[in-house]
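Numbering (this note's numbering), first residue to last: 10 to 99.
All C-beta atoms in this analysis are idealised placements derived from N, C-alpha and C, irrespective of residue type, glycine included.
Bear in mind the structure is a predicted one, so any value in this text is a computation, not a measurement.
Notes for the one structure printed next.
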């Protein structure tokens with residue numbers, strides 16, 4: 010089977026962390042990428058869920074900014090469990 014080279018650009022920290030995880034699993038990064046390509050080719054889909062992290066939702070970012078502003082003004086920032094649960098449901 011003929012071989013070809015695929016070049017991927019990524020953040021240096023991501024590459025280092027990816028290489029570390031691969032090493033812990035006993036894989037090279039090349040083997041990990043080939044495994045991903047084979048699984049995607051076989052299943053015709055991404056082999057994991059892709060979603061937006063709710064932490065970065067506009068409402069949560071607004072609440073975090075408000076809390077940071079209060080903290081900078083020397084106020085204690087308090088949230089009840091009800092507040093936190095409501096934020097988690099957004």
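If you ignore the 5 residues before and after residue 18, its C-beta comes within less than 6 angstroms of no other C-beta in its own chain.
Fewer than three Cβ pairs drawn from the segment 63-76 and the segment 41-55 lie within less than 8 angstroms of each other, which leaves the two stretches out of contact.
For the options 54, 50, 76, the alpha carbon positioned closest to that of residue 92 is the one of 76. DSSP, read as helix, strand or coil, puts residue 46 in helix.
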